[in-house]
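Q: Numbering (the numbering used here), first residue to last: 0 to 214. Handing you this structure, nothing more for now.
Following this line, the structure appears as structure tokens:
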């Protein structure tokens, strides 16, 4: 746990020092939502929900996918002499999950501020936003770890990401539609499925990353 904490602090300090990366994502969020406001102003519930999750997807790509790609090969070799690969990948998963929680909160706040807020149950919807942000960040961190060891990074991310992310995104859209109506309750089975998928991604990352580390 001490290694995970030290690696997490390292990533946090790097993010604080290289603030252009963080503020670049914040600018992307603000500009995208403002353009949607100028174009749509008051979209209907389904359009609002679909746009929100598509924006979440691209926020995650901009904020999370770079986590492994920015690590130089020499630095990775140096980390290999200090920490175990499992601790390294778990620290990346943790940091990116917390980063995406912050970005998801900001995105939802700006959506509610600029676009008419049709969500009738904001509490459960916000909880799903946080869960969805974490789920997307875990998958993209796992994909970034694999792509960083390949020569065609962008191609690997696109090829592997599409079949993994699209079903997850559709599931999030369908579940979140329950927040736009006061009738019925939130379906628990898909939410539990998301939680199980998150655990599987963490488990796969912990099992497979040591083999990538040795490559």
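Beta carbons: idealized from backbone N, C-alpha and C, even for Gly.
(1) Which stretch, first to last residue, makes up the alpha helix (DSSP H) that contains residue 123?
(2) Would a C-beta distance cut-off of 9 angstroms place residue 100 and residue 39 closer than the cut-off?
(3) Can you tell me the Cβ-Cβ gap for residue 109 and residue 29, rounded? I've got them flagged as a contact below 8 angstroms.
(4) Can you check which of these residues, 204, 145, 183 and 209, is closest to residue 120 by C-alpha distance?
(5) For residue 200 versus residue 137, is the C-beta distance shorter than 9 angstroms?
(6) Hey, would you say residue 27 sits closer than 9 angstroms to residue 57, going by beta carbons?
(7) Flag this pair as touching only if the stretch 129-145 and the stretch 167-179 have three or more C-beta atom pairs under 8 angstroms; answer yes or no.
(8) Just tell me which of 176, 140 and 80 has its CA closest to the CA of residue 202.
(9) Please state whether the Cβ-Cβ distance between residue 185 and residue 48 is less than 9 angstroms.
(10) Determine the burial state of residue 37: buried for a count of at least 16 other Cβ atoms within 10 Å of its Cβ, exposed for fewer.
A: The short version:
(1) 121-146
(2) no
(3) 6 angstroms
(4) 183
(5) yes
(6) yes
(7) yes
(8) 140
(9) no
(10) exposed
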